[in-house]
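J.: Counting with the numbering used here, you get residues 61 to 218 for the letters of the sequence shown. Built from N, CA and C at the ideal position, the CB exists for glycine as well. If you scroll down you'll find the structure; I have some questions about it.
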Amino acid sequence: MNLNATLLGQMIAFGLFVWFCWKFVWPPLLAAMEERAENIEQGLKDSEESAKKILDAEEQSKKMLAETKKEAKKIMDNAKNQSEKIVEESKNKATEEKDRIVGAAQSEIEKEVVNAKKILEKDFASSVMSAVKKIVAKEVSMSSYQDTVDKSLDDFRK
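Take a look at the structure:
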């Protein structure tokens, strides 16, 4: 066998193999590699966008948290002011009610005092009349008259 013929046969077989690979094997491999490269590139872009979105979301959440804290503080301040206002109104109403009750009791006391005075005046008048009747009935001296008045006053005091 001739070395040149073998070498030539191997070169032709290798050429056919290269042509076959170039025509049928290489394009799908190349397409798969390009698709994979595009997918990787798209994945990297998506991850960068996601990272940016995460940073934006964190920043936005910080802003929202700060805003929510401000709003909560405002609500707490409003609630505190309202509670103070309600307490103050309750104190005022209680004071007004106390004044009304005290005024009503004061007027009731004044009525009772007036009634007591009238009763005392009637009792005193009847005691005086009784004493006068006794004095007129006795027609006695001044010392006897004084004793009757003292007795009548003593009866009145009891």
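Using a 10 Å radius around the Cβ and a threshold of 16 neighbouring Cβ atoms, would you call Ala191 buried or exposed?
T.: buried
J.: May I have the straight-line CA-CA distance separating Lys122 from Lys151, to the nearest angstrom?
T.: 43 angstroms
J.: Tell me which residue opens and which closes the alpha helix (DSSP H) that Trp79 is part of.
T.: For Trp79, the uninterrupted alpha helix (DSSP H) run begins and ends at 63-80, by DSSP.
J.: Whole angstroms is fine: what's the gap from Asp214's alpha carbon to Met189's?
T.: 15 angstroms
J.: Would you report the Cα separation of Gln206 and Ser212, rounded to the nearest angstrom?
T.: 10 angstroms
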